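Below is one structure; the comments refer to it alone.
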């Protein structure tokens with residue numbers, strides 16, 4: 001009971017800091033198909049940026065680069081399979097000026113990904129020296145100096161850096177399965193799990209691999225910090241891979257001491273919470289207003 005009261009008081013204190021910083025340390029965001037987006041200026045042109053918590057820092061789409069007339073340099077190395085899909089690197093742009101969260105920044109290099117949308121991709125993991133709060137119910141992101149609001153005593157959920165460099169949190173599924181999953185604000189779904197974790201939770205049904213490479217299941221309970229949620233959708237592969245999708249490429253990753261992740265947790269779950277995070281110190285507080 002005392003812990004719950006402290007958590008509530010902590011959230012209120014952070015609200016006061018955030019309100020005082022409104023217009024300075026905070027920025028409103030919008031939702032586009034379940035993904036957080038903010039306004040951004042790239043090379044003097046207005047656009048939108050999707051927010052995520054992945055390891056890729058700042059990227060722009062090939063369509064946006066073409067509209068702005070930017071020179072794109074194609075990479076001289078093979079594509080990294082860890083970044084396949086929507087944000088597969090197409091090339092790079094050097095010395096790119098942007099304005100984001102009211103700050104003017106010149107990037108020595110930004111990656112370019114293939115997309116017909118004129119958008120950017122922006123990772124909050126760049127702010128490792130600040131406290132970052134994503135207030136999903138009020139659709140805003142706030143930044144506070146670590147000294148002004150330390151999380152050392154207030155953290156109420158396990159957070160670590162994964163082996164690929166992304167932020168990971170520990171959740172419990174169905175009451176007894178502790179799983180480390182990537183904290184991914186850029187993922188619009190609820191939970192994804194690798195094949196082996198899904199199998200240990202009895203989510204993989206016999207015969208499904210012949211029908212579809214992936215399937216959906218429902219977790220009876222999800223424990224996220226001090227909060228327990230029910231009936232959470234889970235997406236998982238139906239076929240046993242040679243290697244887990246979430247461990248592929250770990251041998252070449254630059255963070256050898258990170259935790260191994262077995263899935264992702266996305267906005268469909270996180271939308272209900274205020275997330276206060278210190279990526280640099282690996283601390284996090286979760287609050288449901």
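Numbering (the numbering used here), first residue to last: 1 to 289.
Glycine included, C-beta positions come from ideal geometry on N, C-alpha and C.
Quick caveat: nothing in here was measured; it's all calculated off a predicted structure.
Looking at the structure shown, is residue i part of a helix, part of a strand, or coil, going by DSSP?
i, result
"residue 196", "helix"
"residue 149", "coil"
"residue 103", "strand"
"residue 125", "helix"
"residue 94", "strand"
"residue 214", "strand"
"residue 112", "strand"
"residue 219", "strand"
"residue 164", "coil"
"residue 120", "strand"
"residue 45", "strand"
"residue 58", "strand"
"residue 87", "Model confidence at residue 87 stands at a pLDDT of 49, short of 50, so the residue's coordinates are unreliable and nothing is read from them."
"residue 201", "coil"
"residue 73", "strand"
List the endpoints of the continuous alpha helix (DSSP H) containing residue i.
i, result
"residue 185", "It is not in any alpha helix (DSSP H) - residue 185 carries neither H nor E in the DSSP assignment."
"residue 66", "62 to 67"
Could you spell out where the beta strand (DSSP E) holding residue i opens and where it closes?
i, result
"residue 169", "167 to 173"
"residue 269", "From DSSP, residue 269 is part of no beta strand (DSSP E) but of the alpha helix (DSSP H) over 267 to 270."
"residue 278", "274 to 278"
"residue 283", "283 to 287"
"residue 190", "Run containing residue 190: none; DSSP gives neither H nor E here."
"residue 232", "227 to 237"
According to DSSP, which residues form a beta bridge with residue i?
i, result
"residue 53", "Beta-bridge pairing links residue 53 to no other residue."
"residue 131", "144"
"residue 28", "140"
"residue 37", "30, 50"
"residue 263", "193"
"residue 258", "Paired residues: none, contrary to the question."
"residue 177", "173"
Can you list, in chain order, the residues of its chain whose CB lies under 7 Å from that of residue i, leaving out five sequence neighbours each side?
i, result
"residue 261", "162, 168, 180, 181, 182, 246"
"residue 230", "220, 221"
"residue 223", "171, 172"
"residue 345", "In the structure displayed, the chain extends from 1 to 289; residue 345 sits before or after that span and is not available."
"residue 282", "159, 160, 161"
"residue 128", "279, 280"
"residue 117", "61, 63"
"residue 156", "7, 225, 226, 285, 286"
"residue 240", "195"
"residue 266", "184, 187, 188, 189, 190"
Given residue i, which residues of its chain have a CB within under 6 Å of its CB, disregarding the five upstream and five downstream residues?
i, result
"residue 258", "161, 162, 163"
"residue 1", "Because the pLDDT of residue 1 is 32, which lies under 50, any placement of that residue in the model is unreliable, and the question is left without a value."
"residue 131", "144, 146, 149, 278"
"residue 204", "198"
"residue 49", "38, 40, 120, 122"
"residue 217", "203, 234"
"residue 264", "181, 182, 184, 187, 192"
"residue 68", "43, 45"
"residue 96", "107, 110"
"residue 34", "188, 267"
For residue i, which residues from the same chain have a beta carbon less than 8 Å from its beta carbon, with the 5 sequence-adjacent residues on both sides left out?
i, result
"residue 227", "273, 286, 288"
"residue 126", "57, 58"
"residue 200", "177"
"residue 212", "238"
"residue 101", "27, 38, 141, 143"
"residue 29", "36, 37, 38, 51, 139, 140, 141"
_For the stretch 46 to 64 against the stretch 166 to 186, do three or more pairs of beta-carbon atoms, one drawn from each stretch, fall closer than 8 Å, so that the two count as touching?_
yes
| said: Below 8 Å, how does it come out for the stretch 268 to 275 and the stretch 147 to 155: are there three or more Cβ pairs, yes or no? | reply: no
inquiry  = Is it the case that the stretch 126 to 141 contacts the stretch 231 to 239, given that we only count it when at least three CB pairs across the two stretches are under 8 Å?
reply    = no
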